[in-house]
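> In the numbering used here, the protein residues as written are 8 to 159.
Structure, rendered in structure tokens:
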């Protein structure tokens, strides 16, 4: 089993307007656990473009400046697609605790992407908690994860 995330580094978090309220809730959740974070925005419900926030979160994880990332948008598809363009990023869309657990155990996901329009209030915190506390299993999954990168 692999170790958990390196919390000597902050968690990178970002969202678009659809995920703004969930981002703010998750920041409070992280603060309550004593986990440092870096908020890449957005900072209001005003309409914005999700890549403007997904790229900086993914870059922080990619460059080892963040323990892991959290991205939130309406469906989570846009932020996941954007983040997964970065080398070494494994951004997983999760709408339940079991998916968050499997994303870590089997895929060594390093960014959790939450679809704000499809997750009930309070469930995002449960998913992030599961994501934080689940190590990568390695073993048979390690070779699969190593096969993910294309042309890198």
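We put the CB at the ideal spot given by N, CA and C, even for glycine.
All values derive from a computational prediction rather than experimental measurement.
1) If you draw a straight line from the alpha carbon of residue 28 to that of residue 139, how long is it in whole angstroms?
2) Mapping DSSP to helix, strand and coil, what is residue 59?
3) Got a sec? Which residues, its chain only, sit under 7 Å from residue 124 by beta carbon, not counting five neighbours each side?
4) State the Cα-Cα distance for the pair residue 39 and residue 145, rounded to the nearest angstrom.
5) DSSP has residue 18 in a bridge; who is on the other side?
6) Locate the alpha helix (DSSP H) running through residue 87, then write down its first and last residues.
7) Exposed or buried, residue 150, counting other C-beta atoms within 10 Å across all chains shown (16 or more means buried)?
So, from the listed chains and residues:
1) Whole-angstrom Cα-Cα distance: 21 Å.
2) Looking at residue 59 - three-state DSSP - the assignment turns out to be helix.
3) Result list for residue 124: 25, 81, 82, in chain order.
4) When rounded, the distance between both Cα atoms is 30 Å.
5) The partner list for residue 18 (beta bridge, DSSP) reads 44.
6) Annotation: the continuous alpha helix (DSSP H) that includes residue 87 extends over 84–90.
7) Around the beta carbon of residue 150, fewer than 16 other beta carbons sit within 10 angstroms, so the residue counts as exposed.
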